[in-house]
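Novice: Next up is a structure, given as structure tokens.
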Amino acid sequence: MSQSDSLPKKFLVAVEGSEPSLKESSMKAARYALKLAGLTGAEVVGVCVVQIPEYIEENTRASLREELLAKSRKTLAEIQEIASAAGVRFSSEAIETNGSIPSAISGLVERMGIDLVVLGTRANTSSLSKMMLGSVAAGVVGNASCPVLVVR
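Those letters in the sequence shown? Residues 716 to 867, by the numbering used here.
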């Protein structure tokens, strides 16, 4: 069996912890990834990428960074509890970027040797808002060097 025919051994589940509707879709994706990893014996890496613009004042940026990273770590801790209960190997990282979130996730895929990315998306996102606001899921699908599973 060639490398491309084997099951993924290392998943990256990208989650969001700040906005309630995004956190809900992220947790759904995380539960799916953990269930899949439990069946295949894969390791799961949880990541929450926080986007902090450079153009805001430093005190505001520091406050925003602290708040968003705290929410991210809380979400990742919730996933850790689920992973522990399921007996799935799980590690996590909350990171900051001032660039695009999809690019940051795609960079992690390369750096960490990820075989599969799992992430959630809101089912009620209109095509107009995707075009206007962009979509993290669409960006990751377009840029990742491995398969991407989008959970609705």
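A virtual CB, placed ideally from N, CA and C, is assigned to each residue, including glycine.
Bear in mind that the values here come from a model prediction, so they are computed numbers and not experimental data.
#1: Which ranges does the beta strand (DSSP E) cover as unbroken runs of at least 3 residues, wholly within the segment 770-840, from first to last along the chain?
#2: For the candidate residues Val855, Tyr747, Lys743, whose alpha-carbon lies nearest to that of Ala819?
#3: With DSSP run on the structure shown, which of helix, strand or coil describes Leu864?
#4: Across which residues does DSSP place Lys724 in a beta bridge pair?
#5: May I ask you to report which of helix, strand or coil DSSP gives Glu758?
#6: Tell me the residue span of the alpha helix (DSSP H) that contains Ala852.
#7: Excluding sequence positions up to five away, which residues of its chain have a Cβ less than 7 angstroms from the Cβ of Arg776?
#8: For Thr755, which of Leu722, Ala809, Ser806, Val765 has the nearest alpha-carbon?
#9: Taking Cβ positions, are Leu783 and Ser733 nearer each other than 8 angstroms?
#10: Assign Lys738 to buried or exposed, taking buried as 16 or more other Cβ atoms, counted over all protein chains shown, within 10 Å of its Cβ.
#11: Expressed to the nearest angstrom, what Euclidean distance is found between the alpha-carbon atoms of Leu727 and Tyr770?
#12: So the candidates are Leu751, Met742, Glu808; which of them puts its Cα closest to the Cα of Val762?
Specialist: According to the structure data:
#1: Whole beta strand (DSSP E) segments, 3+ residues: 805-812, 831-835.
#2: When each option's Cα is compared against that of Ala819, the closest is Val855.
#3: Residue state, collapsed to three classes: strand.
#4: Answer is none; Lys724 lacks a bridge partner.
#5: Three-state DSSP puts Glu758 in a strand.
#6: Note, Ala852: alpha helix (DSSP H), 851-858.
#7: Excluding residues within five positions, the ones whose Cβ falls inside 7 angstroms are Ile767.
#8: Among Leu722, Ala809, Ser806, Val765, the Cα nearest to that of Thr755 is on Leu722.
#9: Yes, they are a contact pair.
#10: Taking a 10 Å sphere around the C-beta of Lys738, we find 16 or more other C-beta atoms and assign the residue as buried.
#11: Each residue's alpha carbon lies about 30 angstroms from the other.
#12: Residue Glu808 is the option with its Cα nearest to Val762.
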